[in-house]
Every structure is written in structure tokens, then in C-alpha cells.
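Numbering-wise, the sequence shown is residues 166 to 639 according to the numbering used here. All C-beta atoms in this analysis are idealised placements derived from N, C-alpha and C, irrespective of residue type, glycine included. Computed from a prediction, not measured in an experiment: that's the story for all the values here.
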Amino acid sequence: MSKMASMTLSAGAVDFIDDARLTRLVGETKSDAVRVREIIAKSLAKQALTVEETAALVAADAPERAEEIFEAARRLKRDVYGNRIVLFAPLYVGNRCVNDCFYCGFRRSNAEAVRRTLSPGELRTQVEALERAGHKRLILVFGEHGAYDADFIARCVRTVYATRTGRGEIRRVNVNAAPLDPEGYRKVKEAGIGTYQIFHETYHHATYARLHPPGTRKADYLFRLDGPSRAMEAGCDDVGIGVLFGLADWRFEVLGLVAHALHLQERYGVGPHTISFPRLRPACGVRMEWPHLVKDEEFKRLIAILRLSVPYTGLICTARENPSLRREVLGFGVSQIDAGSRIEIGGYTEAGDTQVMEREQFELGDIRPLDAVLRELIQDGYVPSFCTACYRVGRTGEHFMEFAIPGFIKRFCTPNALTTLEEYLTDYASPETRAAGERLISEEVARLEEGPAKAELLRRLDAIRTTEKRDLYF
Ligand code: SAM
Ligand code: SF4
166 MSKMASMTLS
176 AGAVDFIDDA
186 RLTRLVGETK
196 SDAVRVREII
206 AKSLAKQALT
216 VEETAALVAA
226 DAPERAEEIF
236 EAARRLKRDV
246 YGNRIVLFAP
256 LYVGNRCVND
266 CFYCGFRRSN
276 AEAVRRTLSP
286 GELRTQVEAL
296 ERAGHKRLIL
306 VFGEHGAYDA
316 DFIARCVRTV
326 YATRTGRGEI
336 RRVNVNAAPL
346 DPEGYRKVKE
356 AGIGTYQIFH
366 ETYHHATYAR
376 LHPPGTRKAD
386 YLFRLDGPSR
396 AMEAGCDDVG
406 IGVLFGLADW
416 RFEVLGLVAH
426 ALHLQERYGV
436 GPHTISFPRL
446 RPACGVRMEW
456 PHLVKDEEFK
466 RLIAILRLSV
476 PYTGLICTAR
486 ENPSLRREVL
496 GFGVSQIDAG
506 SRIEIGGYTE
516 AGDTQVMERE
526 QFELGDIRPL
536 DAVLRELIQD
546 GYVPSFCTAC
556 YRVGRTGEHF
566 MEFAIPGFIK
576 RFCTPNALTT
586 LEEYLTDYAS
596 PETRAAGERL
606 ISEEVARLEE
616 GPAKAELLRR
626 LDAIRTTEKR
636 DLYF
């Protein structure tokens with residue numbers, strides 16, 4: 166029997182978004198070169214910035230200040246994250262929806278949308294197609310509907326983990342779905358989800374109220390804002406937050422995101438695992454005027470600012486963006502991208518080379534295959550990673566901060582990135598990508614300190630190339 170989440174809130178739930186304060190900070194903050202440099206120095210010392218400090222970076226729009234911010238973001242990204250980029254694919258399970266979000270092709274009043282929910286067999290077929298392409302990490306995406314309750318989501322997660330083809334397997338399943346109640350989060354956690362993502366869309370109350378009609382579930386601002394908190398309290402300590410940029414002033418939204426990250430950090434001792442910053446895209450049946458669309462230059466600035474404000478949070482740039490812009494923003498902050506993505510329901514086996522708007526939530530900007538994206542990353546000197554080790558050995562949440570533990574990246578992240586890349590190269594890559602990838606792996610290995618850890622890594626890389634052994638994580 167399907168059941169919508171009860172509207173129970175977290176203990177001490179509070180609406181911590183003070184519009185008047187954020188609007189004042191956007192309108193009145195002045196920032197000079199000295200202040201910007203002080204704030205940058207704090208961030209480079211890997212301390213999270215306050216909302217006020219973030220506002221000072223937002224206000225620093227003179228070209229030379231903006232360039233300093235880009236440069237600092239590039240440096241922080243290099244120092245903290247290194248050159249790894251984590252890859253994943255979205256998998257849309259169903260587009261039935263009880264909400265009526267004005268910007269979304271899935272909204273209930275959109276008669277042009279073709280409604281569909283994958284059956285368990287169809288879900289397996291999609292997963293097999295993704296595994297055959299070489300994917301190891303997925304995010305399952307759902308509209309909000311009684312048919313997509315926590316039990317249904319948990320069943321889908323289990324089906325994905327149980328689907329294997331050849332050497333393929335999905336090792337981490339994340340979810341982007343409506344906020345749940347505590348019991349619902351416990352169910353999906355038990356099924357083994359990685360991150361639970363909920364985008365607040367817009368933190369600006371009046372805009373939120375305008376775009377989410379009264380009487381719909383999503384119209385309840387606090388219930389959604391509190392979604393990640395409930396997840397934390399129910400034991401899902403990997404949460405992802407985000408804004409749909411283009412609905413309200415981007416500067417206000419950046420402050421909202423930082424306020425949300427700080428709220429989670431203060432209350433639960435751990436901030437969000439990831440922040441996403443989708444930009445509004447053309448969607449089937451959406452014909453509104455959007456006065457706050459974010460220009461490329463502003464988009465780049467907001468990513469760099471977020472990088473500096475929340476140094477320990479992963480930043481995700483999706484295939485909504487076109488390839489050249491994605492390539493550029495990888496340099497100053499983004500740590501995860503999706504690749505080879507299709508968002509038509511059933512799109513991994515049924516879609517051709519072009520997108521079918523009636524079957525998808527919005528239009529993508531980058532539908533290149535995984536192999537092409539991966540090859541470009543390698544050519545640009547990044548190490549594509551399919552690593553899923555931390556969450557599988559319980560290195561998550563409050564007790565664990567990969568970036569705060571000295572030498573952690575060297576001990577775990579780099580070797581795991583290289584072994585998972587080697588799996589891809591051996592099992593799935595085109596000859597050209599394989600050659601480029603093997604060169605990159607040799608260069609990366611050459612840079613590592615001699616010793617038992619390096620010897621062990623070399624043994625594992627060799628085992629992947631020459632035997633059936635897989636999933637040899639550190
Ligand atoms: N239905 C759930 C919800 O609204 O939270 C989860 C999934 S929804 C399918 C995923 C996200 O897509 C939304 O949170 C929203 O930010 C984004 N989205 C909706 N319409 C969009 C559009 N036209 N362009 C870009 N992103 C969009
Ligand atoms: Fe439904 Fe989510 Fe789309 Fe809103 S954004 S109409 S809740 S699928």
C-alpha cells in the first residue's frame with residue numbers, strides 16, 4: 166500500500182532563512198580589495214565562511230576582484246580535492262507528480278508530459294545498460310507521488326544493487342526525491358542509499374510561494390527546508406542540498422545555500438555532503454518568462470564563491486550545462502559530474518541521438534557518451550573516479566571528514582580513483598580512451614611516494630588488468 170510521507174518535522178525544526186537579512190546583505194554589503202583578500206585567506210586555510218563573508222565575495226564584482234576569487238577557488242580545489250572528478254549517472258524512475266512546480270515538465274497540470282514509471286524489469290534493463298557503459302554510481306530520480314513512497318524508493322534501490330551484468334555492478338545509489346518523514350528515511354537508509362538529495366529550489370520565500378501553488382505538498386516551505394535535517398536525524402547522514410538557479414536573484418540564493426550548510430553543520434556536526442546548482446532549462450510545457458536567469462559569467466562566479474565558502478562540500482555540475490562550460494567550471498570547484506546522461510524515462514535503451522522533450526523533465530546540454538566525457542577529462546589532466554569506498558566502509562557523517570584527516574586523500578582517494586579508473590579502462594573503454602587513461606595512471610603512480618602503499622596499489626592495478634578481480638578498494 167502506498168503512503169505519502171507524514172508532515173512530521175525534525176526535533177526543533179526552524180525556518181532559519183531570514184529573507185530581510187539576506188536581502189539586506191545582498192543590497193548593502195560593500196567589499197574592497199583588502200576585505201576580499203582577508204576572506205580568501207580564511208577560506209584557503211580551509212575554514213568555512215559565514216553568510217556575511219560570503220556576501221562580501223558576492224559583492225566583489227569588479228573584474229579584478231572576480232579574477233582573484235576564481236584564482237583562489239582553483240587553488241583551493243587543487244589543494245583540497247586534487248585532480249579527481251567523480252562520475253555518476255542519473256536514472257529517472259517515474260514522472261508522476263502531485264505537485265505543480267511552474268518550472269518543471271513533470272508538474273501535474275502539464276498535459277503534454279507522457280507519464281511513465283519504470284517496472285522492476287524495466288528498471289533492471291536501464292541499470293544493465295548503465296553498467297555496460299561502465300557506470301558504478303547512480304542517482305535515482307522520482308517525481309512526488311503516492312506511488313513513489315519510501316517503500317517503493319527502497320525497493321528500487323535494492324533492485325539496482327541486485328542487478329549485475331558481466332563485471333558490471335552499481336556500488337552506490339543516491340536518491341533525488343521528495344523529502345520524507347523520519348520513518349521513510351530509515352527505510353531508504355536500510356536499503357543502502359548513499360546521498361539523499363533535496364534541492365530547495367529557491368530560498369526566497371515569496372518566490373517559493375509563487376512557484377509552488379498553495380494546496381500542493383511542495384508549497385510547505387518549512388517541510389522541505391527541514392527535509393535534510395530529518396534525514397540526518399533518521400541516520401541518513403549524507404545529504405545533498407541545492408538551488409534551481411534562475412528562479413530568484415542568484416546572490417540571495419548563494420547566501421541561502423551557505424545558511425543551510427551552516428545550519429546543518431551547527432546542528433548535526435556535519436554539513437551537506439554535496440551542493441548542486443542546476444540552472445533552469447527549457448522544459449516541456451513550460452512557457453514562462455524568467456527574469457532571474459543566471460548568465461554564464463555569474464554562474465561561474467557563484468560556483469567559485471561556493472567553493473570558497475564551503476571548502477569541505479562536494480560541488481556537483483550536471484549535464485544541464487553544455488560541455489565547454491562544464492569543462493571550465495571543473496577547474497574552480499566542481500568535484501562531481503554526471504556523464505552519458507539521459508533523462509527520458511527509459512532513455513538509456515529507448516532514446517536515440519536526440520532528446521524527446523515530452524518524455525523528459527527538461528532538456529540536457531551535454532548528452533555525450535561516458536567514454537567521450539571521460540577521455541576529455543583525462544586529456545585535461547583530471548583523474549576520473551568511480552570510487553565508492555567511503556560510504557561502503559562506513560566513513561560518513563559526523564565521525565568522518567575526509568578532508569580533515571591528514572593524508573587521507575593520499576591514502577584512500579587517489580589509489581581508489583586509480584583502481585576504479587583502471588577497471589573502466591580494462592572493461593569498458595574505447596581503445597583511444599584506454600591508451601590515454603593508461604598514460605595518465607602511469608604519470609599519477611610515478612608521482613606517489615615509494616613504499617608499501619605504492620607497491621600494493623601497483624599489485625592491485627595489475628590484478629585488475631590481468632585477472633577477474635574487481636572492487637579492490639582501500
Ligand atoms: N520531485 C522531486 C523534487 O522536486 O524534489 C525530486 C526530483 S526533481 C525531478 C529534480 C530537480 O530537478 C528539482 O529539484 C529541480 O531543481 C530540478 N528541475 C525541475 N525543473 C527543472 C528545469 N526546468 N530545468 C532544470 N532543472 C529543473
Ligand atoms: Fe514534481 Fe519535483 Fe517536478 Fe516539482 S520539481 S513538479 S515536485 S517532479
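Proximity test, residue i beta-carbon vs the ligand SF4 heavy atom, cut-off 7 angstroms
{"i": "E309", "result": "yes"}
{"i": "A374", "result": "no"}
{"i": "C269", "result": "yes"}
{"i": "A343", "result": "yes"}
{"i": "C555", "result": "no"}
{"i": "C266", "result": "yes"}
{"i": "C262", "result": "yes"}
{"i": "R446", "result": "no"}
{"i": "R272", "result": "yes"}
{"i": "K634", "result": "no"}
Where residue i falls: helix, strand or coil (DSSP)
{"i": "G546", "result": "coil"}
{"i": "R337", "result": "strand"}
{"i": "I606", "result": "helix"}
{"i": "L214", "result": "coil"}
{"i": "V475", "result": "coil"}
{"i": "V435", "result": "coil"}
{"i": "G421", "result": "helix"}
{"i": "G247", "result": "coil"}
Span separating the alpha-carbon of residue i from that of residue j
{"i": "F417", "j": "F577", "result": "37 angstroms"}
{"i": "R507", "j": "T330", "result": "20 angstroms"}
{"i": "R240", "j": "A206", "result": "11 angstroms"}
{"i": "R630", "j": "E355", "result": "34 angstroms"}
{"i": "L305", "j": "D461", "result": "28 angstroms"}
{"i": "R230", "j": "A198", "result": "7 angstroms"}
{"i": "Y257", "j": "E614", "result": "43 angstroms"}
{"i": "A374", "j": "Y386", "result": "8 angstroms"}
{"i": "G308", "j": "R612", "result": "46 angstroms"}
{"i": "V353", "j": "E597", "result": "40 angstroms"}
{"i": "S489", "j": "L458", "result": "19 angstroms"}
For residue i, the residue or residues it bridges with in DSSP
{"i": "F364", "result": "G407"}
{"i": "F253", "result": "D503"}
{"i": "V521", "result": "Answer is none; V521 lacks a bridge partner."}
{"i": "C482", "result": "I502"}
{"i": "R444", "result": "F410"}
{"i": "I358", "result": "V338"}
{"i": "T330", "result": "G333"}
{"i": "G259", "result": "T282 and F307"}
Limits of the unbroken beta strand (DSSP E) element including residue i
{"i": "V306", "result": "R302 to F307"}
{"i": "S441", "result": "T439 to S441"}
{"i": "D316", "result": "Per DSSP, D316 belongs to no beta strand (DSSP E); it is in the alpha helix (DSSP H), A315 to A327."}
Cβ-heavy atom distance, residue i to the ligand SAM, below 7 angstroms
{"i": "Q291", "result": "no"}
{"i": "N339", "result": "no"}
{"i": "P285", "result": "no"}
{"i": "P437", "result": "no"}
{"i": "R533", "result": "no"}
{"i": "E334", "result": "no"}
{"i": "E277", "result": "no"}
{"i": "Q544", "result": "no"}
{"i": "Q430", "result": "no"}
{"i": "E366", "result": "yes"}
Span of the alpha helix (DSSP H), counted from its first residue to its last, around residue i
{"i": "A231", "result": "P228 to L241"}
{"i": "L288", "result": "P285 to A298"}
{"i": "K575", "result": "Element bounds for K575: n/a, residue is neither H nor E."}
{"i": "I205", "result": "A198 to L209"}
{"i": "D184", "result": "D184 to E193"}
{"i": "K619", "result": "P617 to T631"}
{"i": "V451", "result": "No alpha helix (DSSP H) contains V451, which DSSP labels as neither H nor E."}
{"i": "T372", "result": "H370 to L376"}
{"i": "L490", "result": "P488 to L495"}
{"i": "C555", "result": "A554 to R557"}
{"i": "Y513", "result": "G512 to E515"}
{"i": "L387", "result": "Y386 to L390"}
Check: residue i C-beta below 7 angstroms from any heavy atom of the ligand HEM
{"i": "P456", "result": "The ligand HEM is absent from the structure shown, which contains only the ligand SAM and the ligand SF4."}
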